[in-house]
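Novice: Following this message is one structure expressed as structure tokens.
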Amino acid sequence: MSKDIKIKKGLDIRLVGEAEQTTENAIISNFYSIKPEDFHSIIPKLVAKEGARVKAGETLFYNKDNETMKFVSPVSGEITEVQRGPRRRIDAIKITADKEQTYVDHGKFDLASDAEKTKAHLLASGCWAFIKQRPYDVVAKADSTPKAIFISGYASAPLAANLDFTLAGKEAELQAAVTALSKLTEGGVHISIGSSKSPLANLQNAITHNVSGPHPSGNVGTLINKVSPVNKGETVWTVNAQDLVIIGELLLTGKFNAERIIALAGSSVKKPRYFRTKLGSEISTMIYDNGVERDGNDRFISGNVLSGKRVQPDGYLDYYSNIISVIPEGNDYELFGWNKPVFDKVSNTRALTFSWLTPNKKYDLNTNMNGEHRNFVLTGNYEQVFPLDIYPMQILKACLYKDLDEMEALGMYEVAPEDFALTEFVCVSKQPHQQIIRAGLDLMLEEIG
Amino acid sequence: MGLKQNLHSLREKYKGTKMAPAFNALHTFLYTPNDTAHGGTHIKAADDLKRTMNTVIMALIPCLIFGMFNAGYQHYVAAGEIEAVTSGFFSSEFWTLQNFSLGFWKILPILLVSYGVGLGVEFLFAVIKGHEVEEGYLVTGMLVPLIVPIDIPLWMLVVAVVFGVVIGKEVFGGTGMNILNPALTIRAFLFFAYPTWMSGDKVWVEGAVERTREIANGSTADAISGETILGSLAQSHGVDYSVMDMFFGFIPGSIGETSTLLILLGGLFLIFTKIGSWRIMLSSVIGALVMGYIFNLVVAAGWITDTSKFYGLMSTEFWHHLLIGGMAFGIVYMATDPVTASQTNKGKWIYGFLIGFISIMIRVFNPAYPEGVMLAILLMNVFAPTIDHYVVQGNVKRRLKRAKLKTA
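Chains A and B, in that order, are what the protein sequence lines are.
My numbering applies: residue 1 is where the first sequence begins, and numbers increase by one.
My numbering applies: residue 1 is where the second sequence begins, and numbers increase by one.
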């Protein structure tokens, strides 16, 4: 069943500031923040009120549509603030951490248990949040049965944390998680790996696929499309490789240990490297020591530079990211930027842009748009970086004019916003592709469900 | 620093006002804006639409400069003042200051009118409708002077440009939304509104029209005539030009369309920079050759004899069709317009092939107007969405089939 996946369409964007393979323990964060918006489309029902004390792994809120789906605290401490937005929407739950961490004991799990028990355990322990589904790219519905589960063990995005490095030594946890997940589907757990050295390469109860080629070869969307694309009425689940460690540890020890090794990378960072930290922690615990200038003009991103979320320097690591990228802001004008030859930026054309001459050069890119927003004009350039069997411009336009039938016919069930990150990067019309796809998916979720 | 700051504060001042698009259009010519990416990719590729359009203009400049020399050259040769070229592309008879200055002073006004009027209309619409000034006209404004006869009266050009920009583009919502290629819409308008100025043997050489009028008024000077090769062939006259003349472009015709050599180089540049679609260019050439070859076979089979009015063009060797008329220019610069062409890669093959094929067909069967490439491209512009529809349906059907297999 294992299949080698080799893609040609794509683009490797090489950036300055790749993390050096050394791990430091991050300063222990005093405050943690969990943002319900990380769990797209979930409406939270708050359990832990302001002032309450929680243990690590204790429920903070549950899914309004499914009471059994819990979302838990990464640390033990006191709920100091529940930040609310318009219409009393919960924006963030802020926790002040204890000096001594205490954990809820979910109990050692019997890995031979059946699907129902496994599911119930993951839902109750807060690990369900790590399981996402397609269609719609949201937290998986608990009553759905996936035709298969997909995990990308190879990160090809610019500056991405090297999974072979961050997961090294975690084979036992990975194995436990994969074994449990394999109970939940009949189609198997499919894992993509970049090399046979990957800690994910020799797992039982999984089907591994060697992937190679330029980004997005490591995207889970590419893996799904090449192995078993989502058809109408079907569901697949995806889990980030680094989250398997948390799931695995919970199953083996009963402890929800939110620890994660993340990369701090980007050209603004003095010494890019890896940190051992916890999800939801303050990024300021990592970014200043041998990192960025305090009064610098930088963009902080929880996630990679193509699809991560912008955060402020006093912000928090989000639930699914294993990288903090810091690149310079580009909020300056550039004289004759539209017609002079360009040597210091990446492009997939050769319109007086010369990145094709130096495919291995590392670039120091900033956040400038390099142009203004326009209607779709050029054709054929998205296809050069888009390996899925889908017409990218046509599906984007279908999302813009909200034709549900057409979106469905063109393959909307198969995609997630991150699949359109590269087309957005190369777009000469500077259209916000990922935003368009997200809005399209939300519309479908609302109308079709 | 001062200029940058001043312009920045002006930009802030105009923000949200009616004049913002007009100001931004001028401002962004000088400076790429300081806008940063939000809520998507945090980095962006170096290209924007301005750079893309600028690349096409760069590919057109050699044709424009050659057109200036050729305008002078055709005039002086027809007037009998200089000898025809004899020694290849760099012949000294051709590249003279005299030739250039006549062409320059004749073509500059056409260029200025094209850009002035076209951009004026664009700015007006941008201000009224509150969208940014789109760069599409930068290319259209350059194409228009290259595809009109040298003696075109400027007022006609003004009328045509206004028509082309408004009806061809703005009513659909601007660049990216139009169905027909705006430059060809302008040319088609000229052709059908003022046919005597767009065909025949008087308009292609500077001064021919004027001279004819003088003769009619009793002057004894010799008439200047400069028929295009297509015109001669359509009337089954002989052609005095060698294949090399046609390839290098030392022939009468629209201002920028004559030099197949430079168009070829421009096309290669567009393909190399990945701005122009090689699929469309290649398939158009194939389409034209196939149709030309079929006609050659018809002649060879003896179904058409030299008494037929189609004989002249049908018996033209099939590959010569690429060298004469606007064929090459149309294929490289007009058929490849991404907005009006097919948008799918498979569709581009079909679209291009049909353009080449139909161009030659119109050329041969319509002696009244022997240049078919303009009409062929406009026709295929209309059909491009249909072609794309069927190509995309292929993908959709594959998806449905996959779903059926699973459930079966």
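Note that the Cβ used here is the ideal one computed from N, Cα and C, for glycine as well.
1. Listing by chain order, which chain A residues have their CB less than 8 Å from the CB of B:Lys129?
2. Any residues in the region 344-371 of chain A with a beta carbon nearer than 8 Å to a beta carbon of chain D? Which ones, in chain order?
3. Mind listing, in chain order, the continuous beta strand (DSSP E) runs of no fewer than 3 residues lying wholly within the region 322-347 of chain B?
4. Run through chain B and tell me which residues come within less than 7 Å of A:Gly411, C-beta to C-beta.
5. What are the start and end residues of the beta strand (DSSP E) that includes B:Trp155?
6. In three-state terms, what does DSSP make of B:Arg187?
7. With a threshold of 6 Å on Cβ separation, who are the neighbours of B:Tyr73 within its own chain once the five nearest residues in sequence on each side are excluded?
8. According to the neighbour-count rule (16 or more other Cβ atoms, all chains shown, within 10 Å of its Cβ), is B:Gly67 buried or exposed?
9. Starting from B:Val290, trace the alpha helix (DSSP H) both ways and give me its first and last residue.
10. Can you say whether B:Met19 is buried or exposed, counting buried as having 16 or more other CB atoms within 10 angstroms of its CB?
11. If I follow the unbroken alpha helix (DSSP H) through A:Thr179, where does it start and stop?
12. Quick one: Cα of B:Ala46 to Cα of A:Leu306, how far?
13. Note down, in chain order, each residue of its chain lying with its Cβ closer than 6 Å to the Cβ of A:Cys127, except the 5 sequence neighbours on either side.
14. Going straight from the alpha carbon of B:Thr52 to that of B:Ile275, what length do you get?
15. Run the CB neighbour count on B:Ser232, radius 10 Å, all protein chains shown included, and call it buried at 16 or more, exposed below.
16. Rounding to the nearest angstrom, what Cα-Cα distance links B:Lys15 and B:Thr28 in this structure?
17. CA-CA distance, B:Glu122 and A:Glu67?
18. Does the beta carbon of B:Val56 come closer than 7 Å to any beta carbon on chain A?
19. Any heavy atom of the ligand NAD closer than 6 Å to the Cβ of A:Phe425?
20. Could you give the DSSP three-state label for B:Ser114: helix, strand or coil?
21. From the DSSP output, which residues share a beta bridge with A:Ala56?
22. From A:Leu365 to A:Glu259, what distance separates their C-alpha atoms?
23. Based on Cα-Cα distance, which residue from A:Asn162, A:Lys232, A:Leu184, A:His215 lies nearest to A:Ser198?
24. To the nearest angstrom, how far is the alpha carbon of A:Ser268 from that of A:Glu20?
25. At a Cβ cut of 9 Å, what residues of the region 343-369 of chain B count as close to chain A, listed as they run along the chain?
26. Measuring only between beta-carbons, confirm whether A:Asn339 sits less than 7 Å from chain B.
27. Select from the region 371-396 of chain B all residues with a C-beta closer than 7 Å to any C-beta belonging to chain A, and list them in chain order.
28. Straight-line CA distance for A:Glu234 to A:Ala177?
29. Note the first and the last residue of the continuous beta strand (DSSP E) segment covering A:Asp91.
30. DSSP puts A:Tyr274 in a beta bridge; with which residues?
31. Look at the alpha carbon of A:Arg299 and the alpha carbon of A:Lys340, and state the distance between them as a whole number of angstroms.
32. Please compile the residues from chain A whose C-beta is within a distance smaller than 8 Å of the C-beta of B:Asn34.
33. Are any of the Cβ atoms in chain B nearer than 7 Å to that of A:Gln312?
34. Once the 5 residues before and after A:Met369 are set aside, which same chain residues still bring their CB inside 6 Å of it?
35. Which whole-angstrom value is the C-beta distance of B:Ala376 and B:Tyr351, which I expect to be below 8 Å?
36. For the beta strand (DSSP E) holding A:Val189, just list the boundary residues, first then last.
Specialist: Quick answer:
1. As a working note, residue 129 of chain B is residue 129 in the second sequence. Listed along chain A is no residue with a C-beta nearer than 8 Å to that of B:Lys129; the closest approach is about 13 Å.
2. Judged by its chain identifiers, the structure shown contains no chain D, and its protein chains are A and B.
3. The beta strand (DSSP E) runs of length 3 or more contained entirely in the region 322-347 of chain B do not exist; there are none.
4. Start at 1 with the first residue of the first sequence, and residue 411 of chain A comes out as number 411. Residues of chain B passing the Cβ test: Arg399.
5. As a position in the second sequence, residue 155 of chain B is number 155, starting the count at 1. Counting along the chain, B:Trp155 sits inside no beta strand (DSSP E); it lies in the alpha helix (DSSP H) bounded by residues 154-168.
6. Residue numbering aside, residue 187 of chain B sits at position 187 when the second sequence is read from its first letter. In this structure, B:Arg187 counts as helix in the three-state DSSP scheme.
7. In the second sequence, residue 73 of chain B corresponds to position 73, counting from 1. Here the set comprises Phe94, Asn99.
8. On the second sequence, residue 67 of chain B is found 67 positions in, with the first residue counted as 1. Around the CB of B:Gly67, 16 or more other CB atoms lie within 10 Å, so the residue is classed as buried.
9. Within the second sequence, numbered from 1, the residue matching residue 290 of chain B stands at position 290. Per DSSP, B:Val290 belongs to the alpha helix (DSSP H) from 278-300.
10. In the second sequence, residue 19 of chain B corresponds to position 19, counting from 1. When all chains shown are included, B:Met19 counts as exposed.
11. Residue numbering aside, residue 179 of chain A sits at position 179 when the first sequence is read from its first letter. Start and end: 171-182.
12. Here residue 46 of chain B is taken as the residue at index 46 of the second sequence, counted from 1. Here residue 306 of chain A is taken as the residue at index 306 of the first sequence, counted from 1. Spanning the two alpha carbons is a distance of roughly 15 Å.
13. Within the first sequence, the letter at position 127 stands for residue 127 of chain A. Only Ile247, Leu250 meet the Cβ criterion.
14. Here residue 52 of chain B refers to the residue found at position 52 of the second sequence. Here residue 275 of chain B refers to the residue found at position 275 of the second sequence. Going from the Cα of B:Thr52 to the Cα of B:Ile275 covers about 7 Å.
15. The residue labelled residue 232 of chain B in the question sits at position 232 within the second sequence. By the neighbour-count rule (16 or more Cβ atoms within 10 Å), B:Ser232 is buried.
16. The sequence position of residue 15 of chain B within the second sequence is 15, counting from 1. The sequence position of residue 28 of chain B within the second sequence is 28, counting from 1. Near 14 Å, if we compare the C-alpha coordinates of B:Thr28 and B:Lys15.
17. Translated into the one-based positions of the second sequence, residue 122 of chain B becomes position 122. Translated into the one-based positions of the first sequence, residue 67 of chain A becomes position 67. Distance between B:Glu122 and A:Glu67, taken at the CA atoms: about 57 Å.
18. As a first step, residue 56 of chain B must be located in the second sequence, where it is residue number 56. For B:Val56, the nearest beta carbon of chain A is not closer than 7 Å to its own beta carbon.
19. This structure lacks the ligand NAD, and indeed carries no ligand of any kind.
20. Position 114 of the second sequence, counting from 1, holds the residue named residue 114 of chain B. Helix at B:Ser114.
21. If you number the first sequence from 1, residue 56 of chain A lands on position 56. In DSSP, A:Ala56 forms a bridge with A:Tyr103.
22. By 1-based counting over the first sequence, the position of residue 365 of chain A is 365. By 1-based counting over the first sequence, the position of residue 259 of chain A is 259. Cα atoms of A:Leu365 and A:Glu259: separation of roughly 31 Å, rounded to the nearest angstrom.
23. Position 198 of the first sequence holds residue 198 of chain A. Closest by alpha carbon: A:Asn162.
24. Counting from 1 along the first sequence, the entry for residue 268 of chain A is found at position 268. Counting from 1 along the first sequence, the entry for residue 20 of chain A is found at position 20. Whole-angstrom Cα-Cα distance: 14 Å.
25. Within the region 343-369 of chain B, the qualifying residues are Gln343, Thr344, Asn345, Lys348.
26. Position 339 of the first sequence, counted from the first residue, corresponds to residue 339 of chain A. Among the residues facing chain B, A:Asn339 is included, as its CB has a counterpart in that chain under 7 Å away.
27. Result list: Val392, Asn395, Val396.
28. In the first sequence, counting from the first residue as 1, residue 234 of chain A sits at position 234. In the first sequence, counting from the first residue as 1, residue 177 of chain A sits at position 177. If you draw a straight line from the Cα of A:Glu234 to the Cα of A:Ala177, it is about 23 Å long.
29. Along the first sequence, read from residue 1 onward, the residue named residue 91 of chain A stands at position 91. Segment 90-97, the beta strand (DSSP E) holding A:Asp91.
30. The residue labelled residue 274 of chain A in the question sits at position 274 within the first sequence. Partner residues in the beta bridge of A:Tyr274, as assigned by DSSP, are A:Thr23, A:Ala263.
31. Along the first sequence, read from residue 1 onward, the residue named residue 299 of chain A stands at position 299. Along the first sequence, read from residue 1 onward, the residue named residue 340 of chain A stands at position 340. A:Arg299 and A:Lys340: Cα-Cα distance of roughly 26 Å.
32. Here residue 34 of chain B corresponds to residue number 34 of the second sequence, with the count starting at 1. At a beta-carbon threshold of 8 Å, the residues of chain A lying near B:Asn34 are Gly330, Asn331, Asp332, Tyr333, Asn368, ordered along the chain.
33. As a working mapping, residue 312 of chain A is identified with position 312 in the first sequence. Not one chain B Cβ lies under 7 Å of A:Gln312.
34. Along the first sequence, one-based indexing puts residue 369 of chain A at 369. Correct list, in chain order: Lys430.
35. Indexing the second sequence from 1 puts residue 376 of chain B at position 376. Indexing the second sequence from 1 puts residue 351 of chain B at position 351. Rounded, the Cβ-Cβ distance is 11 Å, inconsistent with contact.
36. Taking the first sequence and counting its residues from 1, the one referred to as residue 189 of chain A is at position 189. DSSP places A:Val189 in the uninterrupted beta strand (DSSP E) bounded by 189-193.
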